[in-house]
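Counting from 1, position 699 in the sequence shown corresponds to residue 699 in the UniProt record's numbering; the numbering is continuous, with no gaps. Idealized CB from N, CA, C, for every residue including glycine. One structure is given here, and the rest of the page talks about it.
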Amino acid sequence: MTNPLFDKHLQDSKMIHQPLFLAEDEYYEHVLGTTPAIESRVLETFENLEAWEADPLANLLLSDEQMWEGNRTIKFTTPTRLEKWTESYARIYATPYISRKFEKEDWTAYNRISLRIRPEMPGFKFVSLHLQLVNEGTDPVPDRYNREGCHHFNLKNHEWNHVSVEIPNVARDRVAALKFGYDIIGHEMEAVKESCFYLSDIRLERVEKTAKWSGWEPEAGSILFCGSGYQPGAVKTAITGESAADLFKLVDAKSGRIVLKKSVIRMENEQGKFSLLDFSEVQTEGSYLLICGETVTRTFPIAEDVWENSIWKTINLFFCERCGFEVPGIHKYCHGNVVDHHGDKSVVANGGWHDAADMSQNLTNTAEAVYAFFYAAIAQKENVPLFERLIEEGKWGLDWMLRTRFGDGYRTMGSGGSVWTSHLIGDCDQLDSQAQNLAIENFMAAAAEALAAEVLEDIDPPQSRYLRQVAKEDWGFAYEKLDFEEYTEAMDPARVSSPILLYSAGVLAAGHIYAVTGDEYYAEKAVEIAERVLACQQTEYPDWDIPLTGFYYRDEKKEQIQHYNHRSHEHEPVMALSLLCRILPEHPDWIRWYHAIVLHTEYLKTAAGYTAPYLMAPASIYHEDEADQDAELFLNQQAFAHSGMLAEYREQVRNGMALGQGYYLRRFPTWFSYRGNNGLVVASGNLAAFGAEVRNDYELLQLAQRQLEWVVGKNPFGQSLMLGEGYNYAQQYVCLPGPLSGSICVGIQSYRNEDYPYWPQSNNAVYREMWIHPSIRYLLLAGQMNRKAIVYGWLSDAPGTPLEAENLASRRLTVINTDPHTGGFRLELPSGEYRFKWQGLTRKLRLVNGREYRLDNGFADYAATWRAEGDTLIISLSASGTKPIEFTFLTDNLVEIKPVTLAPGETALLNTVIRNSLRPWLVVVVPDGRLEDKQELYPGEKVNSK
Ligand SMILES: [Zn+2]
């Protein structure tokens with residue numbers, strides 16, 4: 001369904017060769033700022049500066065240059081560039097503060113700070129100023145990581161900005177100061193050398209009700225829904241609180257007609273009490289809104305392409321993050337003196353994309369982004385403008401990857417910093433780095449290069465040929481180091497380093513090289529390394545009260561479960577194994593790879609049930625002793641590590657859901673300084689999506705959608721976490737580039753050591769920082785969702801006759817006449833369960849996005865069910881149709897089942913034996929050798945995906 005306004009914005013952006021329009025009136029702060037203050041206290045009368053202090057780099061004076069309501073104002077200036085690094089190399093030079101002192105005042109009667117700020121910084125395209133509250137009570141603010149009480153105001157240059165921040169979450173019983181700081185980030189050539197802010201009208205205020213900032217339950221009178229909309233075939237729900245009315249209505253926003261009137265579903269669980277509005281049966285495309293009692297939502301579409309606009313916005317984010325390029329209105333050519341060295345060679349390593357609100361870049365993000373662009377391009381190949389633009393942006397990052405490799409395994413792994421630079425080689429702001437030769441990154445690069453080679457085969461044949469060669473070389477450099485986990489203290493603590501990810505990246509890259517070159521060596525190697533992936537998986541039922549299985553450990557020793565905090569690669573084993581299943585369908589190990597996918601995705605289904613009704617993918621299983629068992633490894637993986645983290649870790653783990661034997665499932669990661677779970681949620685969404693495609697699993701497809709929904713607004717705070725998409729998106733920490741349509745922040749965090757959501761208005765890094773890592777995952781996932789299910793075939797026995805497709809959820813009937821000459825047909829249908837009827841034959845099909853299904857003459861149905869008696873598994877099989885079907889069986893953890901042929905109407909009982917009752921088993925039933933028509937039989941708990 002087209003959105004004329006967005007289409008106009010896209011045209012205006014010249015299909016994003018200029019930044020996309022960002023609707024600033026949709027900012028959540030716009031809503032908050034209009035909440036009236038019922039009490040207000042002036043904090044400063046601007047008569048003298050006795051209560052003020054300034055850091056050495058800050059200048060402070062009372063000024064009449066910019067008056068506010070006839071009064072003098074505070075003028076605060078700092079340099080915008082220094083001649084040396086005062087704190088850490090290549091990061092923000094310094095943050096000089098001015099402080100307004102207070103006599104340890106009790107501010108608990110107030111819950112908002114408001115003030116006026118006017119920046120006067122010619123040449124700066126974006127400016128921000130940060131506020132820090134200082135509390136010296138039992139709960140000191142700021143905290144150890146400088147997050148609490150810290151808020152960045154995003155400002156308009158050359159005008160008075162009225163800004164405010166709600167502080168109900170901040171300890172303020174003994175307030176000693178309000179500090180204002182400027183991050184010295186360098187400046188572009190055309191910008192001034194001095195920052196300048198005028199401050200006025202600083203107030204403490206009380207509002208009757210602040211916005212929700214913690215917990216799972218929706219705020220009274222709010223309905224949480226997906227601001228991007230819902231696909232017609234999707235499970236469609238919205239969430240409201242326990243006090244909601246009994247009935248809800250779905251209204252066609254154009255005609256005002258009530259389309260559906262239905263009872264809400266009450267539910268109660270560990271997350272609290274909720275009412276669920278389920279309108280899944282409505283599949284007609286259109287614009288809708290929900291009404292429940294007095295509450296009315298904004299409008300949202302039901303349409304097949306609801307994820308497409310956010311894909312365009314993600315392209316916009318990457319375009320605006322381009323480095324070494326003039327992005328109109330965002331920045332000029334940048335970072336011309338970022339230099340990477342290797343022996344006696346050096347390369348100017350700007351280009352590619354900045355990877356966050358700062359201006360750094362690393363190969364992990366770039367390689368994964370390039371992969372996501374080309375993967376999404378394949379998924380969107382029917383949509384020519386989108387396909388072409390995805391390739392164009394993917395090639396921009398690819399260029400950087402190729403340009404910064406030295407050809408001997410060494411390449412630029414990270415470059416840039418958090419400042420604008422002068423471009424002068426030899427200047428004090430030159431940013432130097434050393435090339436590295438690291439296995440995971442070379443595998444990731446090889447995967448992106450091989451996938452790009454495939455997509456560019458016809459579009460850019462010389463580059464495609466070159467990419468095949470470098471993909472093989474890079475893969476080889478990495479393969480030599482398969483037995484070493486490469487981790488040094490100098491590396492980013494959040495860097496991926498564990499063997500399971502090294503192996504997954506190796507399989508993925510080898511699989512793509514084989515797919516594009518046909519070189520059998522890489523197929524053999526992919527199979528060989530896949531064995532290591534399988535060896536890292538939990539494949540038995542553990543001796544726990546809740547015996548979850550199918551998750552991965554860091555390595556084959558299976559001592560420590562693989563976790564992620566704020567960056568995640570949860571989908572990578574399934575992404576790699578599903579590629580193997582696709583390219584090597586005849587391989588004898590196929591069923592083992594497939595079973596690993598089943599186990600991991602079934603784990604996700606069960607685990608996600610513990611965050612109902614959101615079905616946000618939980619973070620991980622942790623053991624309470626884990627940090628103590630290998631304290632060095634644990635602390636190496638944390639930013640700003642300190643020994644107190646070991647006890648905090650244990651407390652965090654115990655706030656998760658007890659599984660038994662000291663194991664707990666945490667909904668949010670254990671984490672300290674770096675917090676925010678969008679990267680995790682969307683990575684698990686990809687796990688579900690890759691699983692849905694290879695397994696043809698509708699439930700997994702829905703679970704994948706729930707993760708996108710979380711990002712764009714169906715979360716406890718009802719805020720979209722992507723700027724410009726959905727509703728109520730809040731300011732992000734976007735220090736250098738400024739706000740960009742499509743940017744996703746790091747994400748919702750949990751409250752201290754608890755395991756429930758925490759989302760204060762305070763805007764700071766990292767949780768509200770714009771980071772491209774979640775966007776890379778989002779692009780990969782939304783690209784998979786924004787596809788149709790296609791049913792086609794040639795029913796030539798009776799051409800020109802009607803074929804019926806009945807959607808079993810909506811009872812909606814689609815009827816087409818096949819081609820009068822060939823019997824050919826092609827249907828695009830929403831995902832879901834269908835019954836097809838033609839010439840007295842019936843066939844049930846479960847359709848998932850992105851898959852194609854073929855119906856042939858004489859199509860038939862079959863059914864397979866199972867029951868177990870001790871170690872004996874009894875499979876019941878039946879067939880319909882007009883001719884016999886030969887069934888073969890691929891099994892894991894079972895004694896082999898011989899093929900059987902059933903005539904139409906015939907049934908059979910087949911017995912086999914479970915080899916190891918401590919492990920799950922799997923049967924894949926294959927009719928007439930057609931793997932695409934397979935059916936799975938497996939034990940295990942099912943979780944309702946609503
Ligand atoms: Zn740059």
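Report the residue from T801, G286, N764, F6 whose alpha carbon sits nearest the alpha carbon of H152.
Reading the sequence shown from its first residue, position 152 is the one you call residue 152. That would be N764, whose Cα lies nearest to the Cα of H152.
Would you mind working out which of D355, Y371, N383, S415 sits nearest A452, comparing C-alpha positions?
Mapped onto the sequence shown, residue 452 falls at position 452. Considering only alpha carbons, the answer is Y371.
Rounded C-beta distance between S418 and I185? I'm assuming under 8 Å.
Looking up residue 418 in the sequence shown gives position 418. Looking up residue 185 in the sequence shown gives position 185. So it is a contact: roughly 6 Å between Cβ atoms.
Is L390 helix, strand or coil by DSSP?
Here residue 390 refers to the residue found at position 390 of the sequence shown. Helix at L390.
Go ahead and label Q652 buried or exposed: buried means 16 or more other beta carbons lie within 10 angstroms of its beta carbon, across all protein chains shown.
Numbered from its first residue, the sequence shown carries residue 652 at position 652. Classification of Q652: buried, given that the 10 Å Cβ count is 16 or more.
Using CA coordinates, which residue listed in G123, I621, E208 is at the minimum distance from Y649?
Along the sequence shown, one-based indexing puts residue 649 at 649. With distances taken between Cα atoms, Y649 lies closest to I621.
For the alpha helix (DSSP H) that Y834 lies in, which residues bound it at each end?
Within the sequence shown, the letter at position 834 stands for residue 834. Element bounds for Y834: not the alpha helix (DSSP H) but the beta strand (DSSP E), 832-838.
Just verifying my parser: in three-state terms, what is the DSSP assignment at N135?
Locating residue 135 in the sequence shown gives position 135, where the first residue counts as 1. Note: N135 maps to strand in three-state DSSP.
So does N715 have its beta carbon nearer than 7 Å to some heavy atom of ligand 1?
Start at 1 with the first residue of the sequence shown, and residue 715 comes out as number 715. The answer is no for N715.
Expressed to the nearest angstrom, what Euclidean distance is found between the alpha-carbon atoms of E24 and N715?
Counted from its first residue, the sequence shown places residue 24 at position 24. Counted from its first residue, the sequence shown places residue 715 at position 715. Those two C-alpha atoms are separated by around 21 Å.
If I'm right that T210 touches S222 with Cβ under 8 Å, what's the distance once you round it to whole angstroms?
Numbered from 1 along the sequence shown, position 210 holds the residue referred to as residue 210. Numbered from 1 along the sequence shown, position 222 holds the residue referred to as residue 222. Rounded, the Cβ-Cβ distance is 14 Å, inconsistent with contact.
When the Cα atoms are used, what is the spatial distance from E50 to G272?
Residue mapping note: residue 50 aligns to position 50 of the sequence shown, counting from 1. Residue mapping note: residue 272 aligns to position 272 of the sequence shown, counting from 1. Cα-Cα distance, rounded: 50 Å.
From A435, L736, N135, pick the residue whose C-alpha is nearest to that of T421; which is it?
The residue given as residue 421 occupies position 421 in the sequence shown. Taking only the C-alpha atoms, the option nearest T421 is L736.
Please state if the CB of N135 and the CB of A191 are separated by a distance shorter than 8 Å.
Within the sequence shown, numbered from 1, the residue matching residue 191 stands at position 191. Within the sequence shown, numbered from 1, the residue matching residue 135 stands at position 135. Not a contact, by the Cβ cut-off of 8 Å.
Per DSSP, K249 is paired with what?
What you label residue 249 is simply residue 249 of the sequence shown in a count that begins at 1. Answer is K261, I291, bridged to K249.
Just to confirm my understanding: we take S810, look at its own chain, exclude 5 residues before and 5 after, and list those with CB closer than 7 Å. What are they?
For the purposes of this step, residue 810 is taken as residue 810 along the sequence shown, with counting starting at 1. The residues are E281, Q283.
Secondary structure at H773, three-state DSSP: helix, strand or coil?
Walking along the sequence shown from the start, residue 773 turns up at place 773. DSSP places H773 in helix when its eight states are reduced to three.
Could you say which of L398, A349, I378, H341 lies nearest to T366 if we only look at CA atoms?
The residue given as residue 366 occupies position 366 in the sequence shown. Residue L398 is the option with its Cα nearest to T366.
Going by other Cβ atoms of all chains shown within 10 Å of its Cβ, with 16 needed for buried, is K605 buried or exposed?
Translated into positions along the sequence shown, residue 605 becomes position 605. Under this definition K605 is a buried residue.
Which same chain residues, not among the five before or five after P820, have their C-beta less than 8 Å away from its C-beta?
The residue given as residue 820 occupies position 820 in the sequence shown. Contacts found: P799, G800.
Where do the N-terminal and C-terminal ends of the beta strand (DSSP E) with Q707 fall, by residue?
Working through the sequence shown from its first residue, we reach residue 707 at position 707. Segment 698-711 is the alpha helix (DSSP H) holding Q707; no beta strand (DSSP E) there.
So N893 and W866 are in contact, right, with Cβ under 8 Å, and what is the actual spacing, rounded?
On the sequence shown, position 893 is the one that residue 893 refers to. On the sequence shown, position 866 is the one that residue 866 refers to. That belief does not hold up - the Cβ atoms of N893 and W866 are roughly 13 Å apart, past 8 Å.
Kindly examine ligand 1 and report whether one of its heavy atoms sits closer than 7 Å to the Cβ of G416.
If you number the sequence shown from 1, residue 416 lands on position 416. For ligand 1, at least one heavy atom lies less than 7 Å from the Cβ of G416.
Looking at the strands, I want to know which residues DSSP matches up with W794.
Here residue 794 is taken as the residue at index 794 of the sequence shown, counted from 1. Looking at the DSSP assignment, W794 forms a beta bridge with G824.
Can you give the Cα-Cα distance for R266 and Y733, rounded to whole angstroms?
Along the sequence shown, read from residue 1 onward, the residue named residue 266 stands at position 266. Along the sequence shown, read from residue 1 onward, the residue named residue 733 stands at position 733. The alpha-carbon atoms of R266 and Y733 are separated by roughly 37 Å.
Mind checking whether the beta-carbon of G324 lies closer than 7 Å to any heavy atom of ligand 1?
Position 324 of the sequence shown, counted from the start, is the residue given in the question as residue 324. For ligand 1, at least one heavy atom lies less than 7 Å from the Cβ of G324.
Could you name the residues of the same chain whose beta carbon sits closer than 7 Å to that of I776, not counting the 5 residues immediately before and after it, in chain order?
Position 776 of the sequence shown, counted from the first residue, corresponds to residue 776. Cβ neighbours of I776 beyond the five flanking positions: N365, E368, A369, A372.
Taking 8 Å as the threshold, find out whether the region 588-602 comes into contact with the region 518-525 through three or more Cβ pairs.
Because the criterion of three Cβ pairs below 8 Å is not met, the region 588-602 and the region 518-525 do not touch.
For the region 104-120 and the region 29-47, state whether three or more C-beta atom pairs, one from each stretch, are separated by less than 8 Å.
Yes: the two stretches touch, three or more of their Cβ pairs being nearer than 8 Å.
Using 7 Å as the cut-off, classify the Cβ of H187 as near or not near the heavy atoms of ligand 1, replying yes or no.
Translated into positions along the sequence shown, residue 187 becomes position 187. The answer is no for H187.
If we ignore side chains and look at the alpha-carbon of each, how far apart do G691 and G881 end up?
Your numbering for residue 691 matches position 691 in the sequence shown. Your numbering for residue 881 matches position 881 in the sequence shown. G691 and G881: Cα-Cα distance of roughly 30 Å.
For a test of the three-state rule: what should DSSP assign to K883, helix, strand or coil?
In the sequence shown, residue 883 corresponds to position 883, counting from 1. In the structure shown, K883 sits in coil (DSSP, three-state: anything other than H, G, I, E or B).
Taking C-beta to C-beta, are A445 and D427 nearer than 8 Å?
Here the question's residue 445 lines up with position 445 in the sequence shown. Here the question's residue 427 lines up with position 427 in the sequence shown. Against a cut-off of 8 Å, the Cβ pair of D427 and A445 comes out as no contact.
Closer than 6 Å by C-beta to K125: which residues in its own chain qualify, once you throw out the five before and the five after it? Chain order, please.
Looking up residue 125 in the sequence shown gives position 125. Counting only Cβ-Cβ distances below 6 Å, and skipping sequence neighbours, we find nothing.
For D358, which option in K345, G416, R752 has the closest C-alpha, if you only look at C-alpha atoms?
Locating residue 358 in the sequence shown gives position 358, where the first residue counts as 1. For the residues K345, G416, R752, the minimum Cα distance to D358 belongs to G416.
Is the closest heavy atom of ligand 1 to the C-beta of M359 under 7 Å?
By one-based count along the sequence shown, residue 359 stands at place 359. For ligand 1, at least one heavy atom lies less than 7 Å from the Cβ of M359.
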